[in-house]
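Chemist: Could you have a look at this structure, given as structure tokens, before my questions?
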Ligand code: BDR
Ligand code: CA
């Protein structure tokens, strides 16, 4: 099993990411930490606890992350994820409490005692991970890889070129991409091919368990934004975050390329953009495996298989 720490901001697609991580049986999840992003820290934390309760993962330590980005004001994505951050399904009340330490302390403690290197999977703004790297630089070598959802090569969803997770805390993303840790970047290029259609939602619902029902109800709500605002996706919703987990399970189902990636933190038009040197025109050493295509059918099948194993 791959030892991982998951840093997320649930979030509908974060929710399916957690279902895939736990249901696939491929991971030893050492902790879940929460970032503020899709909603406030209070709400993403509460959502993480509810989801872990739903999927029967009550023994996983959950740590509270930062309330806001390093330097900027908090922006949330309630226009996609609703007032709660997980609008749609009725979820169980949290059956357990978060740890008393912060996300940064939790990550440091886990990395210090672990005998194996740990992969970090961030699917929200990178505030917690950047803060950790600043506070505990000597533990950097204990990280095997960072497989993240964020950024894009040729498109944005917050500005024409900037994606939400990077745009929300660009300085944090800058620190992460400069860290020297191997990075897998699942940006909008791949996640807009990781589409979930109505028939896929019904497939998840047909599993008949509580997790499948919640996944389907979550996707029903999530799809509204995509149907109304992304008509070129033909009714599909871009299921971003599970890509960062799916790549760790089966990288062969994706297409990717090692690239040098920098993060624009000042640009007049491009603040928060991942500047991806896709054709290596700078000659700089690649710092990220940039994922740009996916076998969508296999992705859906993988989600189905994982959710089937959950309560
Ligand atoms: C990313 O932003 C959030 O709204 C989603 O959860 C995903 O992590 C997509 O841009
Ligand atoms: Ca997310």
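Residue numbers (full-length UniProt numbering): 2 to 312.
Where a beta carbon is used, it is the ideal one built from N, C-alpha and C, also for glycine.
These figures come from a predicted structure and were not determined experimentally.
Please report how far the alpha carbon of residue 137 lies from the alpha carbon of residue 294, in whole angstroms.
Modeler: Approximately 34 angstroms, taken between the alpha carbons.
Chemist: Give the single residue among 171, 77, 30, 198 whose Cα lies nearest to the Cα of residue 128.
Modeler: Of the candidates 171, 77, 30, 198, the one whose C-alpha sits nearest the C-alpha of residue 128 is 171.
Chemist: Let me make sure I understand the geometry here. Which of 251, 168, 12, 68 has the alpha-carbon closest to that of residue 26?
Modeler: Checked all of 251, 168, 12, 68; the closest Cα to residue 26 is 251.
Chemist: May I ask whether a heavy atom of ligand 2 can be found less than 6 angstroms away from the beta carbon of residue 12?
Modeler: Yes, ligand 2 has a heavy atom inside 6 angstroms of this Cβ.
Chemist: Check for me: the alpha helix (DSSP H) holding residue 272 runs from which residue to which?
Modeler: Here residue 272 belongs to no alpha helix (DSSP H), and DSSP marks it neither H nor E.
Chemist: Could you please give me the residues that DSSP links to residue 144 through a beta bridge?
Modeler: 119, per the DSSP bridge assignment.
Chemist: If distances are taken between C-alpha atoms only, which option among 185, 254, 213 comes closest to residue 55?
Modeler: Closest option to residue 55, Cα to Cα, is 213.
Chemist: Nearest to residue 104 by alpha carbon, out of 297, 196, 173, 36?
Modeler: Here the closest residue by C-alpha is 36.
Chemist: Quick one: what does DSSP say residue 303 is sitting in, helix, strand or coil?
Modeler: Here residue 303 sits in helix by DSSP.
Chemist: I think residue 112 touches residue 51, with their Cβ atoms under 8 angstroms apart; what is that distance to the nearest whole Å?
Modeler: With a Cβ gap of about 27 angstroms, residue 112 and residue 51 do not count as contacting.
Chemist: Residue 186 bridges to which residues according to DSSP?
Modeler: In the DSSP output, where bridge partners are listed per residue, residue 186 has 149, 291.
Chemist: Are the beta-carbon atoms of residue 146 and residue 116 separated by less than 7 angstroms?
Modeler: Contact flag unset, no.
Chemist: List, from N- to C-terminal side, the beta strand (DSSP E) runs of 3 residues or more that fit wholly inside the segment 208-268.
Modeler: Here the runs fully enclosed are 255-264.
Chemist: Buried or exposed: which applies to residue 269, given that a residue is buried once 16 or more other Cβ atoms fall within 10 Å of its Cβ?
Modeler: With fewer than 16 Cβ atoms within 10 Å of its Cβ, residue 269 is classed as exposed.
Chemist: Do you know how far the Cα of residue 262 is from the Cα of residue 187?
Modeler: Between residue 187 and residue 262, the C-alpha separation is close to 12 angstroms.
Chemist: Taking only heavy atoms of ligand 2 into account, decide whether any of them is closer than 6 angstroms to the Cβ of residue 54.
Modeler: No, ligand 2 has no heavy atom inside 6 angstroms of this Cβ.
Chemist: Rounded to a whole number of angstroms, what is the C-alpha to C-alpha distance between residue 7 and residue 48?
Modeler: Looking at the two C-alpha atoms, the distance is approximately 14 angstroms.
Chemist: Let me make sure I understand the geometry here. Which of 109, 29, 243, 222 has the alpha-carbon closest to that of residue 139?
Modeler: Checked all of 109, 29, 243, 222; the closest Cα to residue 139 is 109.
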